[in-house]
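In this note's numbering, the protein residues as written are 674 to 733. Ideal placement from N, C-alpha and C gives every residue a C-beta, glycine not left out.
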């Protein structure tokens, strides 16, 4: 495997891990404060990701 490909895969893995960590932290924080499981948390993340994709594509 080329070093450039390995670096890109490592960067992609770190980015995905950071996103999962932020989502988990948000779930824990909301549950710790309210003692209610906030189900639509993932929908907000998906909405943000799709909005970012539209902005990057220039369709907004």
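1. Going by the beta-carbon positions, is the gap between residue 718 and residue 698 smaller than 7 Å?
2. Which same chain residues, not among the five before or five after residue 674, have their C-beta less than 7 Å away from its C-beta?
3. Between the Cα of residue 714 and those of 681, 684, 693 and 725, spot the shortest distance and give me the residue it belongs to.
4. Identify the continuous alpha helix (DSSP H) that holds residue 712 and give its terminal residues.
5. For residue 685, which of helix, strand or coil comes out of DSSP?
Reading from the atomic positions:
1. As a first step, residue 718 must be located in the chain shown, where it is residue number 45. As a first step, residue 698 must be located in the chain shown, where it is residue number 25. Against a cut-off of 7 Å, the Cβ pair of residue 698 and residue 718 comes out as no contact.
2. Start at 1 with the first residue of the chain shown, and residue 674 comes out as number 1. Once the five neighbours on either side are set aside, residue 674 has no close Cβ partner at all.
3. On the chain shown, position 41 is the one that residue 714 refers to. The residue with the shortest Cα to Cα distance from residue 714 is 693.
4. Within the chain shown, numbered from 1, the residue matching residue 712 stands at position 39. No alpha helix (DSSP H) contains residue 712, which DSSP labels as neither H nor E.
5. In the chain shown, counting from the first residue as 1, residue 685 sits at position 12. Three-state DSSP puts residue 685 in a helix.
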